[in-house]
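Participant:
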Amino acid sequence: MMLLYIHVPFCRRKCRYCAFYSEPLRGDGQLRLWLNALLTDMRRQADALGHPRVRTVFFGGGTPSLLSPAAFGQILDAAAVCFSLDGDAEISMEANPDSVNAENAAGFRTAGVNRVSLGAQALDDALLNAVGRVHDKAAAIAAFRALRTAGFDNVGLDFIWGLPDETLASWKTQLSEAVALGPEHLSCYGLTLEEGTPLFRERASLNFPDEEESAAMYEEGGDLLESAGYKQYEISNYAKPGRACRHNLGYWAGEDYLGLGPDAVSCLNGRRVTQPSDLGAWLSAVDAGQDAAETEILGFRERVEELVMLRLRTAEGLRLDDYRVLTGRDFLADNRSLIDALTRRSMAELRNGRFFLTRKGMLVSNAVIEQCFETIPTTTEVDV
Ligand code: SF4
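Quick note, this note's numbering runs 40 ahead of the 1-based positions in the sequence shown.
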């Protein structure tokens, strides 16, 4: 059983904070080339893997909503032939407000998409403009309503907090407005200044929230969402009961996944495979029937790091038994002083055989995970 990820590498225009791989969309011909190669590669990979069961499909990008509903139909029909696709599979797509309207929303739904992550990123025109989004607040709200009218009953809104000139008050107002729309899911990522982006280059002249205000945005934003009925299930993700993203949950639980398209990553049977972050190189490799992917075999240490890193991102946390089975060691004993310090400051808890970070602890999750890495043994103590 596995998860399927499809990378759609096109965007209308690059946002000023974005370091994801995507190309400016140059026309239908370019989309057709990508689509044909994707279908070819899907068939090839499915044959090689023995047509496994797939329980979720996630279209990420880039901007998947730039594809036509017909293209979604073709890809999902092919996936149903290539894999054993669950009848109730979660089929998610990321969408941008500027490329969702009443007509294509209905088409996406008919094609089989049943969950949408709508990248609003902010509900404030000055903030959206400052980070180079191509849409405004009204377009985000209109797109959300178009999805509802089209019959989508599982829609998430994605936000970035900590934008230049953003205040705690503005962030909470935006979240309240988002909650009033009634999405099933909210993703709230803190802005990361990625090297090479315009925002990174201009950082000295921009006014970002300071550390204290950022912490308040994270904690008070989370409180606001929880009091509105959204449960935090991961560092940056909140959902109404039963509406957590099954694809992402599977990824954080360490399930195998196949990634198709340029820049897509797969993790299958302990091997991590990364497709080239270049549309031309990926197209040529698929055309030649060759594999241009980089393959890394995950060693013992990488597997333990992956377990600790992925699980500590989630509200469920790390199952101590999972750590013991993989390493033959006791996570609590290995990390005693760190765990004592975190629990004393209400930043982590131990319950029902699990160690997990509270919201306060999630704010410093990277530092906690780094410290846990330091105690990972170099070899397993499990008899193999
Ligand atoms: S739409 Fe998304 S993927 Fe495209 S440039 Fe903006 S943030 Fe990056």
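For each residue, glycine too, the CB sits at the ideal point set by N, CA and C. Every value quoted in this text rests on a predicted model; they were computed, and no experiment measured them.
#1: How close, in whole Å, do the beta carbons of Arg-83 and Gly-172 come, if the pair is a contact with beta carbons under 8 Å?
#2: Rounded C-beta distance between Ala-388 and Leu-382? I'm assuming under 8 Å.
#3: Under the three-state reduction of DSSP, which class applies to Arg-83: helix, strand or coil?
#4: Roughly how many whole angstroms lie between the Cα atoms of Pro-92 and Ala-118?
#5: Cβ-heavy atom distance between Arg-84 and ligand 1 below 8 Å?
#6: From which residue to which residue does the alpha helix (DSSP H) around Lys-177 run?
#7: Rounded to the nearest angstrom, how far is the Cβ of Leu-226 from that of Tyr-278, given a contact under 8 Å?
#8: Beta carbon of Arg-53: closer than 8 Å to some heavy atom of ligand 1?
#9: Kindly indicate which three-state DSSP category Ile-337 falls into: helix, strand or coil?
#10: What's the C-alpha gap between Arg-343 and Arg-359?
#11: Does DSSP put Tyr-270 in a helix, in a strand, or in coil?
#12: Assuming the contact rule is C-beta atoms closer than 8 Å, Gln-161 and Ile-115 should be a hit. Round their C-beta distance to whole Å, please.
#13: For Arg-364 and Ile-416, which I take to be in contact (beta-carbon distance under 8 Å), what is that distance rounded to the nearest angstrom?
#14: Can you give me the C-alpha to C-alpha distance between Pro-238 and Asp-361, rounded to a whole angstrom?
#15: Less than 8 Å separating the Cβ of Gly-236 from some heavy atom of ligand 3?
#16: So, are the CB atoms of Asn-194 and Arg-283 less than 9 Å apart?
#17: Which residues mark the beginning and the end of the beta strand (DSSP E) in which Thr-213 is found?
#18: Evaluate Arg-351 with the Cβ neighbour count: other Cβ atoms within 10 Å of its Cβ, from every protein chain shown; 16 or more gives buried, anything less gives exposed.
#19: With C-beta atoms as the reference, is Phe-123 less than 9 Å away from Phe-112?
#20: Measuring only the C-alpha atoms, how far is Met-349 from Ala-146?
#21: Could you compute how far the alpha carbon of Glu-334 sits from the alpha carbon of Arg-53?
#22: Secondary structure at Ala-166, three-state DSSP: helix, strand or coil?
#23: Counting Cβ pairs closer than 8 Å, one from the stretch 134-143 and one from the stretch 163-183, do we hit at least three?
#24: Answer with buried or exposed for Phe-395, where buried requires no fewer than 16 other C-beta atoms within 10 angstroms of its C-beta.
#25: Could you tell me which of Ala-110, Val-156, Pro-109, Asn-144 sits nearest to Cys-285, measuring between CA atoms?
#26: Assuming Leu-78 and Gly-301 make a contact with CB atoms under 8 Å, what is their CB distance in whole Å?
#27: Nearest to Gly-269 by alpha carbon, out of Gly-202, Pro-281, Gly-159?
#28: Just to check my reading of the structure: Arg-149 and Ala-190 have Cβ atoms closer than 8 Å, yes? What is that Cβ distance to the nearest angstrom?
#29: Find out if the Cβ-Cβ distance for the pair Gly-102, Ser-132 is shorter than 9 Å.
#30: Which residues does DSSP list as the beta-bridge partners of Glu-389?
#31: Use the C-beta contact count for Gln-330: other C-beta atoms within 10 angstroms, 16 or more gives buried, fewer gives exposed.
#32: Whose CA, out of Arg-188, Ala-328, Ser-276, Leu-231, lies closest to the CA of Gly-401?
#33: Can you tell me where the beta strand (DSSP E) with Gly-196 in it begins and where it stops?
#34: In this structure, what does DSSP give as the bridge partners for Gln-161?
#35: Select from Arg-185, Ala-256, Ser-306 the residue whose C-alpha is nearest the C-alpha of Pro-223.
#36: Could you round the C-beta distance between Leu-215 and Gly-159 to whole angstroms and report it? I think they count as a contact, below 8 Å.
Facilitator: Based on what the coordinates show:
#1: Indexing the sequence shown from 1 puts residue 83 at position 43. Indexing the sequence shown from 1 puts residue 172 at position 132. With 8 Å as the limit, Arg-83 and Gly-172 do not qualify as a contact, their Cβ atoms being about 37 Å apart.
#2: Along the sequence shown, one-based indexing puts residue 388 at 348. Along the sequence shown, one-based indexing puts residue 382 at 342. That pair is a contact at about 4 Å.
#3: On the sequence shown, residue 83 is found 43 positions in, with the first residue counted as 1. Here Arg-83 sits in helix by DSSP.
#4: Mapped onto the sequence shown, residue 92 falls at position 52. Mapped onto the sequence shown, residue 118 falls at position 78. Rounded to the nearest whole angstrom, the C-alpha separation of Pro-92 and Ala-118 is 14 Å.
#5: Counting from one through the sequence shown, the residue named residue 84 turns up at place 44. The beta carbon of Arg-84 sits no closer than 8 Å to any heavy atom of ligand 1.
#6: By 1-based counting over the sequence shown, the position of residue 177 is 137. Looking at the DSSP string, the run of the alpha helix (DSSP H) that includes Lys-177 is 177-189.
#7: Taking the first residue of the sequence shown as position 1, residue 226 is located at position 186. Taking the first residue of the sequence shown as position 1, residue 278 is located at position 238. That pair is a contact at about 5 Å.
#8: Taking the sequence shown and counting its residues from 1, one reaches residue 53 at position 13. Yes; taking the cut-off as 8 Å, the Cβ of Arg-53 has a heavy atom of ligand 1 nearer than that.
#9: The residue labelled residue 337 in the question sits at position 297 within the sequence shown. For Ile-337, the secondary structure class from DSSP, reduced to helix, strand or coil, is strand.
#10: Translated into the one-based positions of the sequence shown, residue 343 becomes position 303. Translated into the one-based positions of the sequence shown, residue 359 becomes position 319. Between Arg-343 and Arg-359, the C-alpha separation is close to 15 Å.
#11: As a working note, residue 270 is residue 230 in the sequence shown. If DSSP states are grouped into helix, strand and coil, Tyr-270 belongs with coil.
#12: In the sequence shown, the residue the question calls residue 161 occupies position 121. In the sequence shown, the residue the question calls residue 115 occupies position 75. Not really, about 26 Å apart at Cβ, beyond 8 Å.
#13: Residue 364 sits at position 324 when you count from the first residue of the sequence shown. Residue 416 sits at position 376 when you count from the first residue of the sequence shown. Rounded, the Cβ-Cβ distance is 13 Å, inconsistent with contact.
#14: Locating residue 238 in the sequence shown gives position 198, where the first residue counts as 1. Locating residue 361 in the sequence shown gives position 321, where the first residue counts as 1. Answer to the nearest angstrom: the Cα atoms are 45 Å apart.
#15: No copy of ligand 3 appears in this structure; the ligands present are ligand 1.
#16: In the sequence shown, residue 194 corresponds to position 154, counting from 1. In the sequence shown, residue 283 corresponds to position 243, counting from 1. For Asn-194 and Arg-283, yes; Cβs fall inside 9 Å.
#17: Translated into the one-based positions of the sequence shown, residue 213 becomes position 173. That residue, Thr-213, is in no beta strand (DSSP E); its alpha helix (DSSP H) goes 208-221.
#18: Counting from one through the sequence shown, the residue named residue 351 turns up at place 311. Buried, since its Cβ has 16 or more Cβ neighbours within 10 Å.
#19: Along the sequence shown, one-based indexing puts residue 123 at 83. Along the sequence shown, one-based indexing puts residue 112 at 72. Result no, Cβ atoms of Phe-123 and Phe-112 do not sit closer than 9 Å.
#20: As a position in the sequence shown, residue 349 is number 309, starting the count at 1. As a position in the sequence shown, residue 146 is number 106, starting the count at 1. Taking the straight line joining both Cα atoms gives about 38 Å.
#21: Reading the sequence shown from its first residue, position 294 is the one you call residue 334. Reading the sequence shown from its first residue, position 13 is the one you call residue 53. In a straight line, the C-alpha of Glu-334 is about 28 Å away from that of Arg-53.
#22: Translated into positions along the sequence shown, residue 166 becomes position 126. Looking at Ala-166 - three-state DSSP - the assignment turns out to be helix.
#23: yes
#24: Against the sequence shown, residue 395 aligns to sequence position 355. Phe-395 should be labelled buried.
#25: For the purposes of this step, residue 285 is identified with residue 245 of the sequence shown, where counting begins at 1. Among Ala-110, Val-156, Pro-109, Asn-144, the Cα nearest to that of Cys-285 belongs to Val-156.
#26: For the purposes of this step, residue 78 is identified with residue 38 of the sequence shown, where counting begins at 1. For the purposes of this step, residue 301 is identified with residue 261 of the sequence shown, where counting begins at 1. Sure, about 6 Å apart at Cβ, within 8 Å.
#27: As a position in the sequence shown, residue 269 is number 229, starting the count at 1. The candidate whose alpha carbon is nearest that of Gly-269 is Pro-281.
#28: Working through the sequence shown from its first residue, we reach residue 149 at position 109. Working through the sequence shown from its first residue, we reach residue 190 at position 150. Between Ala-190 and Arg-149 the Cβ distance is about 5 Å, and since that is below 8 Å, they are a contact.
#29: Here residue 102 corresponds to residue number 62 of the sequence shown, with the count starting at 1. Here residue 132 corresponds to residue number 92 of the sequence shown, with the count starting at 1. Contact flag unset, no.
#30: Counting from 1 along the sequence shown, the entry for residue 389 is found at position 349. According to DSSP, Glu-389 bridges with Phe-396.
#31: To locate residue 330, count along the sequence shown from 1; it is residue 290. Per the 10 Å Cβ criterion, exposed.
#32: Here residue 401 is taken as the residue at index 361 of the sequence shown, counted from 1. Comparing Cα positions, the closest option is Ser-276.
#33: Numbered from 1 along the sequence shown, position 156 holds the residue referred to as residue 196. 195-201 is the extent of the beta strand (DSSP E) around Gly-196.
#34: Locating residue 161 in the sequence shown gives position 121, where the first residue counts as 1. Phe-199, per the DSSP bridge assignment.
#35: Taking the sequence shown and counting its residues from 1, one reaches residue 223 at position 183. Nearest option by C-alpha distance: Arg-185.
#36: What you label residue 215 is simply residue 175 of the sequence shown in a count that begins at 1. What you label residue 159 is simply residue 119 of the sequence shown in a count that begins at 1. Incorrect: roughly 16 Å between the Cβ atoms, too far for contact.
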